[in-house]
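Here's the structure, in structure tokens; my notes come after.
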Amino acid sequence: MRRERIVLVGAGRAAAAAAATLRREGFDGDLVVVGDEPHPPYRRPPLSKAWDGAAPCVDDLLVRDAEWYGTNAVELITGTRAVALDCASRQLTLADGARLGYDRLLLATGGRPRRLPGVRGDRIHHLRTVADAAALREQLAGDGPLVVLGGGFLGCEVAAAARASGVEVTIVEMAPTLLSRAMSPELGELFAALHRSRGVTVLTGERVDSVVQAGDQVVVRTCAQVLECAALLVAIGISRSTELLAGTPVACDDGVLVDEFAATSVPGVYAAGDVAAAHHPRYGRRVRVEHDDNAVRQATVAARNMLGARDVYDDPHWFWSDQFEHNLQMVGSPEGHDRSVVRGSPGEGAFSVFHLRGDRLVSVLAFDRGRDVVTGRKLVAAGATVAAEQLEDDAVDLRRLLRRQGGGPS
Amino acid sequence: MGAVPETTAEGADRVGSWARALDLDELWEGEMTAVTVGATSVLLVNVDGQVRAYVNRCPHQEWALDEGDLDGRTLTCSRHLWEFDVLSGEGINPDNCRLTGLDCRVEDGAVLVRTG
């Protein structure tokens with residue numbers, strides 16, 4: 001009998017998780033991972049965080065060491081882009097002309113940084129790959145200043161890392177507050193204050209009109225001023241890598257559309273990670289999540305479903321951000337909440353915010369209180385009903401609230 | 001009499017000196033605590049009477065593990081939610097890392113740990 005073959009496109013976090021799951025679940029056919037970067041799958045989150053000493057080394061970031069792929073009979077084709085997909089004959093064509101037949105396919109191509117149209121130069125940086133991170137670090141090794149365009153998580157993390165290593169940094173954000181896409185204005189203000197207290201210049205509500213590299217300088221004209229810097233990081237989000245799917249029946253809309261089983265519109269084809277726009281049963285709508293943990297969990301579900309399971313992916317989503325010595329974590333989504341409860345002391349540092357809809361906990365945000373998220377994540381996932389007064393009371397062990405969910409009706 | 005060897009899976013041939021880390025009755029079942037032994041911050045855990053000792057640093061980014069959460073035999077680091085099986089020291093998520101185990105035994109009601 002012909003051996004089955006599963007191909008994973010995009011050698012990132014999602015593909016690595018899927019490969020490990022497929023082998024763990026007993027898939028013994030051919031397993032091929034194809035990626036356009038020259039490395040085995042590696043962890044991207046550290047690229048934007050704490051810059052201690054030398055530039056990032058991919059060997060320190062690998063999800064699995066290189067031997068793992070051999071030991072587990074996973075064929076790893078790196079440095080090679082997949083350029084064409086024929087869903088009818090189930091064939092993938094690679095940039096070198098090779099054709100790979102598949103029985104099932106996982107699209108885990110991730111995304112690439114959005115660029116400013118028409119802006120070019122070796123001092124204009126983006127950050128997605130380890131090569132991007134190395135180039136930025138190398139250029140800032142002398143001195144700055146650095147301008148970060150975009151006050152989202154990526155921009156803020158790089159600003160913090162660069163500032164902590166002594167670089168003069170300015171963040172320019174068009175929205176009125178930092179982190180405005182995912183966080184409340186209050187939290188954005190808290191982070192702006194944190195950055196300012198460390199010497200970062202934070203410009204919010206400021207639109208960029210033009211960017212030009214002239215010699216060794218980048219000149220950034222905003223609606224209010226002219227900034228000159230040695231390097232500019234453009235951190236204005238990603239666009240999803242779906243070029244491969246043009247002309248195929250795989251439905252896309254700023255991402256690969258998948259259902260709650262991580263399945264696309266084409267039988268046998270799945271998608272996970274940053275590239276996927278998934279129907280999320282918990283939120284009753286389509287969501288795209290650009291976080292490491294989501295890539296791992298969604299790809300794990302996709303892999304199991306490729307082997308015939310019918311697992312639903314309804315993870316409430318958890319992410320973290322490290323800036324300076326501070327740690328922010330969030331689980332769930334506050335959308336539709338009608339009540340917020342604070343635990344801890346926002347004025348003095350560590351605190352958590354619990355969002356409730358009715359008496360149901362829908363999300364937890366923790367600033368330097370990760371422990372609240374460890375239990376909070378379980379409470380959110382369980383759809384736990386909780387009493388606001390108990391969440392508020394630091395003396396109440398959250399684990400007690402979790403145990404209470406177990407037996408009786410909630 | 002009364003010596004109950006409790007040894008972690010790794011480090012059996014490690015040299016170093018044994019030191020009294022804590023009285024066992026200060027480490028309840030299902031609990032964990034950090035103590036300083038010599039110059040080392042040591043995480044002690046008690047899972048249903050089985051005591052284990054680890055270097056109190058997450059292998060991810062060296063965050064202190066005693067600030068995390070112990071649920072049964074699963075320890076979750078509070079910083080980035082890495083999970084470990086504290087009986088074996090093996091990583092659960094991710095599954096390709098492990099805690100740094102220290103030799104440990106309970107003797108006459110005291111938890112002894114070998115560091116160095």
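Heads up: the sequence lines are chains L and X, in that order.
Here the first sequence is numbered in my numbering, starting from 1 and rising by one per residue.
Here the second sequence is numbered in my numbering, starting from 1 and rising by one per residue.
Note that CB positions come from ideal geometry on N, CA and C, so glycine has one too.
Legend entry - Proximity below 9 Å, CB of Thr248 (chain L) to CB of Val266 (chain L): Cβ distance < 9 Å, so Thr248 (chain L) and Val266 (chain L) count as in contact.
Legend entry - Glu228 (chain L) versus L:Gly237, L:Ala235, L:Leu244, L:Val211, residue with shortest Cα-Cα distance: Among L:Gly237, L:Ala235, L:Leu244, L:Val211, the Cα nearest to that of Glu228 (chain L) is on L:Val211.
Legend entry - Same chain, Cβ closer than 8 Å to Val256 (chain L), five either side skipped, listed in chain order: Listed in chain order, the non-local C-beta contacts of Val256 (chain L) below 8 Å within the same chain comprise Leu107, Arg240, Thr242, Leu245, Val250, Thr264, Ala271, Val275, Ala276, Ala277, local neighbours out to five positions each way being set aside.
Legend entry - Residue from X:Asn56, X:Glu26, X:Thr40 with nearest C-alpha to Val86 (chain X): Restricting attention to X:Asn56, X:Glu26, X:Thr40, the CA atom closest to the CA of Val86 (chain X) is found in X:Asn56.
Inset, instruction - Identify the contact partners of Arg64 (chain L) in chain X, using a Cβ-Cβ distance below 7 Å as the criterion. - result: Near Arg64 (chain L) (Cβ distances below 7 Å), the residues of chain X are Asn96.
Legend entry - Meets three-Cβ-pair contact criterion under 8 Å: the region 122-139 of chain L and the region 38-49 of chain L: These segments touch.
Inset, instruction - Output yes if chain X places a C-beta closer than 9 Å to the C-beta of Asn72 (chain L); else output no. - result: No - not a single Cβ of chain X is within 9 Å of the one on Asn72 (chain L).
Legend entry - Contacts around Val362 (chain L), its chain only, beta-carbon distance under 6 Å, and the 5 residues preceding and following it disregarded: The beta carbon of Val362 (chain L) sits closer than 6 Å to those of Gly332, His337, His355, all from its chain and outside the five residues before and after it, given in chain order.
Legend entry - chain L within 9 Å of Cys77 (chain X), Cβ atoms only: So, interface residue.
Inset, instruction - Report the option in L:Arg64, L:Asp393, L:Thr201 whose CA atom is closest to the CA atom of Pro145 (chain L). - result: Among L:Arg64, L:Asp393, L:Thr201, the Cα nearest to that of Pro145 (chain L) belongs to L:Thr201.
Legend entry - Where Trp82 (chain X) sits in the DSSP three-state scheme: When DSSP states are grouped into helix, strand and coil, Trp82 (chain X) belongs to the coil group.
Inset, instruction - Please state whether DSSP places His280 (chain L) in a helix, a strand or coil. - result: Residue state, collapsed to three classes: strand.
Inset, instruction - Just grab the DSSP bridge partners of His355 (chain L) for me. - result: Bridge pairing for His355 (chain L): L:Ser340, L:Ser363 [DSSP].
Legend entry - C-beta neighbour in chain X for Thr78 (chain L), strict 9 Å: Not an interface residue.
Legend entry - Short CB-CB distance (under 9 Å) between Arg115 (chain L) and chain X: With 9 Å as the cut-off, Arg115 (chain L) does not count as an interface residue toward chain X.
Inset, instruction - Spell out the partners DSSP gives Ser17 (chain X) in its beta bridges. - result: DSSP lists X:Thr115 as the beta-bridge partner residues of Ser17 (chain X).
Inset, instruction - Compute the distance between the beta-carbons of Ala14 (chain L) and Val386 (chain L), then report whether it is under 9 Å. - result: Contact: no.
Inset, instruction - Go ahead and pull the three-state DSSP assignment for Met32 (chain X). - result: In the structure shown, the three-state DSSP call for Met32 (chain X) is strand.
Legend entry - Top-ranked residue by Cα proximity to Val74 (chain L), from L:Thr21, L:Leu94, L:Gln213, L:Thr222: Cα-wise, what sits closest to Val74 (chain L) is L:Thr21.
Inset, instruction - Specify the secondary structure class of His425 (chain L) as computed by DSSP and reduced to three states. - result: A query on residue 425 (chain L) cannot be resolved here, the shown segment of chain L reaching from 1 to 410 and no further.
Inset, instruction - Answer yes or no: does any C-beta atom of chain X fall closer than 9 Å to that of Trp51 (chain L)? - result: With a threshold of 9 Å between beta carbons, Trp51 (chain L) makes no contact with chain X.
Legend entry - Supposed close pair Ala34 (chain X), Asp66 (chain X) - CB separation, criterion 8 Å: That belief holds up - the Cβ atoms of Ala34 (chain X) and Asp66 (chain X) are roughly 4 Å apart, short of 8 Å.
Inset, instruction - Please classify Leu102 (chain X): is it buried, with 16 or more other beta-carbons within 10 angstroms of its beta-carbon, or exposed? - result: Of the other Cβ atoms in all chains shown, 16 or more fall within 10 Å of the Cβ of Leu102 (chain X); this residue is therefore buried.
Legend entry - Proximal chain X residues relative to Gly376 (chain L), where beta-carbon distance stays under 7 Å: In chain order: nothing, as chain X lies at least about 10 Å away.
Legend entry - Proximity to Gly110 (chain L) [Cα-Cα], best of L:Leu92, L:Ala162, L:His291, L:Ala214: For the residues L:Leu92, L:Ala162, L:His291, L:Ala214, the minimum Cα distance to Gly110 (chain L) belongs to L:His291.
Legend entry - For Asn93 (chain X), the three-state DSSP class (helix, strand or coil): In this structure, Asn93 (chain X) counts as strand in the three-state DSSP scheme.
Inset, instruction - Enumerate in chain order the residues of its own chain whose CB-to-CB distance from Gly116 (chain X) is below 6 Å, with the five nearest sequence positions on each side excluded. - result: So the list reads Gly16, Ser17, once near-sequence residues are dropped.
Legend entry - Span of the alpha helix (DSSP H) around Leu154 (chain L): From DSSP, the alpha helix (DSSP H) with Leu154 (chain L) extends over 153-164.
Legend entry - Alpha carbon of Asp293 (chain L) to alpha carbon of Val51 (chain X), nearest angstrom: In a straight line, the C-alpha of Asp293 (chain L) is about 31 Å away from that of Val51 (chain X).
Inset, instruction - Note down, in chain order, every chain L residue with its Cβ under 9 Å from the Cβ of Gly68 (chain X). - result: Contact of Gly68 (chain X) with chain L by beta-carbon distance below 9 Å involves Gly370, Arg371, Val374.
Legend entry - Paired residues, beta bridge with Met330 (chain L) - DSSP: DSSP output for Met330 (chain L) lists L:Phe319, L:Leu365 as bridge partner(s).
Inset, instruction - Name the residue from L:Ala95, L:Phe191, L:Val172, L:Arg64 whose alpha carbon lies nearest to the alpha carbon of Gly79 (chain L). - result: If we check each option's Cα against that of Gly79 (chain L), L:Ala95 comes out closest.
Legend entry - Residues that Asn327 (chain L) contacts on chain X, provided the C-beta gap is smaller than 7 Å: Around Asn327 (chain L), the beta-carbon contacts reaching into chain X at under 7 Å are Arg79.
Inset, instruction - Please name the residue in L:Glu335, L:Ala395, L:Ala303 whose C-alpha comes closest to that of Gly344 (chain L). - result: Distances from the CA of Gly344 (chain L) to each of L:Glu335, L:Ala395, L:Ala303 were compared; the closest alpha carbon is that of L:Ala395.
Inset, instruction - Could you check if Gly89 (chain X) is buried or exposed, using at least 16 other CB atoms within 10 Å of its CB as the buried criterion? - result: With a threshold of 16 other beta carbon atoms within 10 Å, Gly89 (chain X) meets it and is buried.
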